[in-house]
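Protein chains: 2
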Amino acid sequence: MGKLKLGFIGYGQRGVGLLGVTLNMDDVDVVAVCDEYEDRAEAAKKKVEEKREYTPFSTTDYREILKREDVEAVVIATSWEAHVEVAIAAMKAGKYVGVEVGGAYSIEDCWRLVHTSEETGMPCMMLENCCYGKKELMCLNMVKNGDFGELVHCNGAYHHDLRNEVSSGNEIRHYRLRNYTHRNCDNYPTHALGPIAKLLNINRGNRFLSLVSMSSKARGLHEYIVNKRGKEDDLAKIDFKQGDVVTTVIKCAGGETIRLTLSITLPRAYSRDFDISGTKAYYQEETNSLYLDRDEATYEKEYGEVVAKSLWNNVETTYGKEFNHPIWKKYEEEGIKGGHGGMDWLVLRAFYESAMAKADPPIDVYDTAAWMSISTLTEDSLAMGGIPVAVPDFTNGKWIKNKDRKRNEIPTYSLAEIPETVELKG
Amino acid sequence: MGKLKLGFIGYGQRGVGLLGVTLNMDDVDVVAVCDEYEDRAEAAKKKVEEKREYTPFSTTDYREILKREDVEAVVIATSWEAHVEVAIAAMKAGKYVGVEVGGAYSIEDCWRLVHTSEETGMPCMMLENCCYGKKELMCLNMVKNGDFGELVHCNGAYHHDLRNEVSSGNEIRHYRLRNYTHRNCDNYPTHALGPIAKLLNINRGNRFLSLVSMSSKARGLHEYIVNKRGKEDDLAKIDFKQGDVVTTVIKCAGGETIRLTLSITLPRAYSRDFDISGTKAYYQEETNSLYLDRDEATYEKEYGEVVAKSLWNNVETTYGKEFNHPIWKKYEEEGIKGGHGGMDWLVLRAFYESAMAKADPPIDVYDTAAWMSISTLTEDSLAMGGIPVAVPDFTNGKWIKNKDRKRNEIPTYSLAEIPETVELKG
Numbered sequence: 436m437g438k439l440k441l442g443f444i445g446y447g448q449r450g451v452g453l454l455g456v457t458l459n460m461d462d463v464d465v466v467a468v469c470d471e472y473e474d475r476a477e478a479a480k481k482k483v484e485e486k487r488e489y490t491p492f493s494t495t496d497y498r499e500i501l502k503r504e505d506v507e508a509v510v511i512a513t514s515w516e517a518h519v520e521v522a523i524a525a526m527k528a529g530k531y532v533g534v535e536v537g538g539a540y541s542i543e544d545c546w547r548l549v550h551t552s553e554e555t556g557m558p559c560m561m562l563e564n565c566c567y568g569k570k571e572l573m574c575l576n577m578v579k580n581g582d583f584g585e586l587v588h589c590n591g592a593y594h595h596d597l598r599n600e601v602s603s604g605n606e607i608r609h610y611r612l613r614n615y616t617h618r619n620c621d622n623y624p625t626h627a628l629g630p631i632a633k634l635l636n637i638n639r640g641n642r643f644l645s646l647v648s649m650s651s652k653a654r655g656l657h658e659y660i661v662n663k664r665g666k667e668d669d670l671a672k673i674d675f676k677q678g679d680v681v682t683t684v685i686k687c688a689g690g691e692t693i694r695l696t697l698s699i700t701l702p703r704a705y706s707r708d709f710d711i712s713g714t715k716a717y718y719q720e721e722t723n724s725l726y727l728d729r730d731e732a733t734y735e736k737e738y739g740e741v742v743a744k745s746l747w748n749n750v751e752t753t754y755g756k757e758f759n760h761p762i763w764k765k766y767e768e769e770g771i772k773g774g775h776g777g778m779d780w781l782v783l784r785a786f787y788e789s790a791m792a793k794a795d796p797p798i799d800v801y802d803t804a805a806w807m808s809i810s811t812l813t814e815d816s817l818a819m820g821g822i823p824v825a826v827p828d829f830t831n832g833k834w835i836k837n838k839d840r841k842r843n844e845i846p847t848y849s850l851a852e853i854p855e856t857v858e859l860k861g
Numbered sequence: 436m437g438k439l440k441l442g443f444i445g446y447g448q449r450g451v452g453l454l455g456v457t458l459n460m461d462d463v464d465v466v467a468v469c470d471e472y473e474d475r476a477e478a479a480k481k482k483v484e485e486k487r488e489y490t491p492f493s494t495t496d497y498r499e500i501l502k503r504e505d506v507e508a509v510v511i512a513t514s515w516e517a518h519v520e521v522a523i524a525a526m527k528a529g530k531y532v533g534v535e536v537g538g539a540y541s542i543e544d545c546w547r548l549v550h551t552s553e554e555t556g557m558p559c560m561m562l563e564n565c566c567y568g569k570k571e572l573m574c575l576n577m578v579k580n581g582d583f584g585e586l587v588h589c590n591g592a593y594h595h596d597l598r599n600e601v602s603s604g605n606e607i608r609h610y611r612l613r614n615y616t617h618r619n620c621d622n623y624p625t626h627a628l629g630p631i632a633k634l635l636n637i638n639r640g641n642r643f644l645s646l647v648s649m650s651s652k653a654r655g656l657h658e659y660i661v662n663k664r665g666k667e668d669d670l671a672k673i674d675f676k677q678g679d680v681v682t683t684v685i686k687c688a689g690g691e692t693i694r695l696t697l698s699i700t701l702p703r704a705y706s707r708d709f710d711i712s713g714t715k716a717y718y719q720e721e722t723n724s725l726y727l728d729r730d731e732a733t734y735e736k737e738y739g740e741v742v743a744k745s746l747w748n749n750v751e752t753t754y755g756k757e758f759n760h761p762i763w764k765k766y767e768e769e770g771i772k773g774g775h776g777g778m779d780w781l782v783l784r785a786f787y788e789s790a791m792a793k794a795d796p797p798i799d800v801y802d803t804a805a806w807m808s809i810s811t812l813t814e815d816s817l818a819m820g821g822i823p824v825a826v827p828d829f830t831n832g833k834w835i836k837n838k839d840r841k842r843n844e845i846p847t848y849s850l851a852e853i854p855e856t857v858e859l860k861g
């Protein structure tokens, strides 16, 4: 296999991170870079020049990238609003597509992704790095091995104090500010939802059926801005539409529920609140702890603190080695590479190796569409007072047949073997 | 003030606990006891005789208790289904009513509680012990002092592995078994909701507006029973209606959201998942940790574990003394008394002291009705696929006027001063 020839579209905060990780990979050549802002396109070009012995093609028009025959695959790290447009154009141009995380603005856009992928035969993989988190993969490994029994309920969240980032939106040209000004929804569901979708075999024997969503008032951002910039600042006059805490519950065809929380405009520590409940075990991210029925006798089954403390961080001290995912065992032995604790390297490897092998990526266009759809569906539910809304079946029934589908083989770090080996019960 | 003369109705598991705590109080005489089962009524009588120098009146018919003129107040610790019937009869008989926690089976029953209390002038206080938990009162103290800024979102849960209790229901005559067999709802919302309602000034300047509820499938109990009792056991043939995890979101008039979880049929550690988000601070029960905007610089604002660890149990090590509620400071100095870490003693004191003073209890009939209503409303929402349902205003508009209402003064440990001193914003 030759080197993968990559086009890189979007060089904001996230693009900088992804390009940095990519340029440490010998089997990937970044032959073309793009950003709508001239300064950023220039910065991306310089970054490649620093690390490699060639000068990449550089442009502010992504269509110039797509026209190039030497580009086999593209990474799309633009603003949320441009993801679908660029991804569709890229598939139509015959490129392998890796698209950064984000939510959809309409169900129609999700369908267009699916149809374009089906018509062109080009995959569209959401680069959901949290699917490759150590804790998330540990739980996936346990689910595969039956350690959780039957999964019943999963929680996930995006708790991240981004008040500074959002309120710096005009200076740093960040898309969150305009989204927080005008919309109310779970605008960033996939860090929470992607790993859970993998646990629950979504689109491979299971699917999202419906959801309800409720939102708190919007107070955190305004108060932060007033304190930091004063009442007379232009941003202090914005009546933000985005509630501080959005809570969503998704019902699955298998009878499981998924609870999602978005909260980025209040003070608190970062957490994805990854929290998995099965009939035989429970995992909690906040304390990095497992509670296993098999070890019942080791827990004091009384009220309050004693039990809670006995749980604290027992994955670190007790269960970590036993349940660690094979990918992570190998990764830790060989040395963890950069980017969000190693996840970025793993997700990019999965995408690049899929593209090199001309194989289906482990996160396919149906996953991408279903995960993105949650944003616009929560927006609908919230706008109508929290009514249940249906999640479309983007596979058009193929999720049932796909239950037993063998996934393609991708070497080394990819998740390729995972989706089909987790059997749904009930 | 003379001693309070108390009638005690219901001597199951909970009644045993409450009577035990009560008999250590010198200013309360338990003059009459009752349980529908003869053996339990007898056991209650013997318990009083053991601890006191008199023999209480004993009966299997609670109406006999209510007829007695020497009974001033009653504690009702019967099955969930009997709470409202007994409470209404007791108020009509002119007794002060303290009723154990539980949910309503119809909205009509909630209204009947309210109307009976208004017509008779007799209070009906839910004995929600968790309102008196140390963590819960710490947060209430902080809210009063403005340390949370403006409250935006609160979480609460009843996570308690009761698979053994529920599946022993026939042997121990426990009402949970029949409820889990036939119903699906948040049947036990008040441990989570009561303390949050106090934080948010519900019925005193704020109220519950609507809720949505979603439920997972029911798997935990059946699997547990099959493993423990075998497939041929009668209980193994039950098709339990109660989902393992019920997630509910309540919207308040003040724009806050409250998330509730019920989960008692899966393996995990006990937790009420008490979790409070304001514009200036965040409290998390799972790690007993506070995150304060004022201390922002002390936290590493990076991804994942480092931040999470820095939060662990910092209330114990750092913030506990500063924020501890005055009631708990005093309680700890004088010595904590028994019952669920001290909460039972505090909630019973609040009720008994209110009754002795002929004063309004800190949890009134409107609170009792509103908190209980959540069970039947979640049942409605779940039955209809998660649609939003309205929460009635049991105060008929008085919640607006009550914003500034000064509560009665109750000495020592009561919560009396709390509800009106927390000002709603926005």
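If you read the protein sequences in the order shown, they are chains A and B.
Residue numbering for the first sequence follows this note's numbering, starting at 436 and increasing by one per position.
Residue numbering for the second sequence follows this note's numbering, starting at 436 and increasing by one per position.
Glycine included, C-beta positions come from ideal geometry on N, C-alpha and C.
Keep in mind it's a predicted model, so treat the numbers as computed, not measured.
- Message: Taking the straight line between their C-alpha atoms, what separation do you get for S552 (chain A) and Y801 (chain A)?
- Response: If you draw a straight line from the Cα of S552 (chain A) to the Cα of Y801 (chain A), it comes to about 9 Å.
- Return the first residue and the last residue of the alpha helix (DSSP H) that K686 (chain A) is part of. Taken as a continuous stretch (DSSP letters only), K686 (chain A) belongs to no alpha helix (DSSP H), being part of the beta strand (DSSP E) at V681 to C687.
Considering Cα atoms alone, identify which of A:S651, A:E814 and A:C469 is closest to E499 (chain A). Measuring from the Cα of E499 (chain A), the nearest candidate turns out to be A:C469.
Grouping DSSP H, G and I as helix and E and B as strand, with all else coil, what is H588 (chain B)?
-> Here H588 (chain B) sits in strand by DSSP.
- Query: Can L695 (chain B) and N622 (chain B) be called in contact, C-beta distance under 9 Å?
  - Reply: Cβ atoms of L695 (chain B) and N622 (chain B): not closer than 9 Å.
Using DSSP bridges, identify the partner residues of L727 (chain A).
Under DSSP, L727 (chain A) forms a beta bridge with A:A716.
Hey, out of B:G581, B:G665, B:D474 and B:Y659, whose CA is closest to T714 (chain B)'s CA?
With distances taken between Cα atoms, T714 (chain B) lies closest to B:G581.
Self-check item: Neighbour flag for P827 (chain A) against chain B, beta carbons, 9 Å
Solution: The C-beta of P827 (chain A) comes no closer than 9 Å to any C-beta of chain B.
Practice problem: Pick out whichever of B:A688, B:K502 and B:K482 has its Cα sitting closest to the Cα of A632 (chain B). | Solution: Put simply, of B:A688, B:K502 and B:K482 the residue whose alpha carbon is nearest the alpha carbon of A632 (chain B) is B:A688.
* Cβ of C469 (chain A) versus every heavy atom of the ligand SAM: is any distance shorter than 8 Å? -> The ligand SAM is not part of the structure shown, which contains no ligands of any sort.
Using DSSP with H/G/I as helix, E/B as strand and the rest coil, what is D815 (chain A)?
Here D815 (chain A) sits in helix by DSSP.
* Asked: Quick one: is E667 (chain B) buried, meaning 16 or more other Cβ sit within 10 Å of its Cβ, or exposed?
  -> That one is exposed.
Separation of T495 (chain A) from E477 (chain A), as counted between CA atoms
Rounded to whole angstroms, E477 (chain A) to T495 (chain A) spans 9 Å at the Cα level.
Under a Cβ-count criterion, where at least 16 other Cβ atoms within 10 Å of its own Cβ denotes burial, should Y726 (chain A) be classed as buried or exposed?
-> Burial check for Y726 (chain A): the Cβ neighbour count within 10 Å reaches 16 or more, so the residue is buried.
Exercise. Taking the CB atoms as reference points, tell me whether E535 (chain A) and A512 (chain A) lie closer together than 9 Å.
Key: Taking 9 Å as the Cβ cut-off, E535 (chain A) and A512 (chain A) qualify as a contacting pair.
- Excluding five sequence neighbours on each side, which residues of the same chain lie with their C-beta closer than 6 Å to the C-beta of A539 (chain B)? C545, M807, S808, S810 and T811, listed in sequence order.
Closest by C-alpha distance to Y705 (chain B), when choosing among B:N759, B:G755, B:E721 and B:E691:
It is B:E721.
ask   = K480 (chain A): buried (16+ other C-beta within 10 angstroms of its C-beta) or exposed?
value = Taking all protein chains in view, the Cβ of K480 (chain A) is crowded by 16 or more other Cβ atoms within 10 Å, so the residue is classified as buried.
Requested in this report: Find the residues of chain B that neighbour I607 (chain A), judging by a C-beta separation of less than 8 Å, and give them in chain order.
Outcome: Within 8 Å Cβ-Cβ: nothing; I607 (chain A) doesn't reach chain B, min ~16 Å.
Minimum C-alpha distance to G445 (chain A) - residue among A:T490, A:L454 and A:K438
When only C-alpha atoms are compared, the closest one is A:L454.
- Message: Looking at the secondary structure, which residues open and close the beta strand (DSSP E) in which R664 (chain B) lies?
- Response: If you look at R664 (chain B), you'll find it isn't in any beta strand (DSSP E); it sits in the alpha helix (DSSP H) that goes G655 to R664.
Notebook entry, point to check: At a Cβ threshold of 9 Å, is D582 (chain A) touching chain B?
Noted result: By this cut-off, D582 (chain A) is not an interface position.
Q. Taking the alpha carbon of P491 (chain A) as the point to measure from, which residue in A:L458, A:A627 and A:A792 has its own alpha carbon closest?
A. Looking at the Cα atoms, A:L458 is the closest of the given residues.
Residues of its chain near I699 (chain A), where Cβ-Cβ distance is below 6 Å and the 5 sequence neighbours each way are ignored: Answer for I699 (chain A): H595 and L597, listed in chain order.
Identity of the residues DSSP links to T696 (chain B) by a beta bridge: T696 (chain B) pairs with B:A592 and B:T682.
TODO: Report the neighbours of M649 (chain B) on chain A: residues whose CB is nearer than 9 Å to its CB, in chain order.
DONE: By Cβ distance, chain A contributes S645, L646, V647, V684, I685, K686, T692, R694 and P823.
Cβ-based neighbour list, E737 (chain A), same chain, cut-off 8 Å, excluding 5 preceding and 5 following: Caution is warranted here: a pLDDT of 45 is assigned to E737 (chain A), below 50, making its placement in the model unreliable, and the coordinate value is therefore given only provisionally. Cβ neighbours of E737 (chain A) beyond the five flanking positions: none.
task = May I ask you to report which of helix, strand or coil DSSP gives S603 (chain A)?
result = DSSP places S603 (chain A) in the coil class of the three-state scheme, outside both helix and strand.
Sequence-distant residues of the same chain with beta carbon closer than 8 Å to V601 (chain B), five excluded per side: Counting only Cβ-Cβ distances below 8 Å, and skipping sequence neighbours, we find H609, R611, L612, Y615, L656, I699 and T700.
*asked:* Let me confirm a value: D799 (chain A) is counted as buried when at least 16 other C-beta atoms fall within 10 Å, else exposed. Which label applies?
replied: So D799 (chain A) counts as buried.
Quiz item: Could you give the C-beta distance for T682 (chain A) and S648 (chain A), rounded to a whole number, given that I count them as a contact under 8 Å?
Solution: Contact flag correct, Cβ pair sits at about 7 Å.
Looking at the secondary structure, which residues open and close the alpha helix (DSSP H) in which L453 (chain B) lies? Counting along the chain, the alpha helix (DSSP H) containing L453 (chain B) begins and ends at Q448 to T457.
**Asked** Along the stretch 600-629 of chain B, what residues have a CB closer than 8 Å to any CB found in chain A?
**Response** Within the stretch 600-629 of chain B, contact with chain A at the beta-carbon level (separation under 8 Å) is assigned to no residue.
### Interface residues of chain A facing D674 (chain B) [CB-CB closer than 8 Å]
Within 8 Å Cβ-Cβ: nothing; D674 (chain B) doesn't reach chain A, min ~13 Å.
Checklist entry - Can a CB atom of chain A be found closer than 9 Å to the CB of Q448 (chain B)? => result No, Q448 (chain B) does not count as interfacial toward chain A.
Please check if any C-beta of chain A sits within less than 9 Å of the C-beta of A704 (chain B). Yes, A704 (chain B) counts as interfacial toward chain A.
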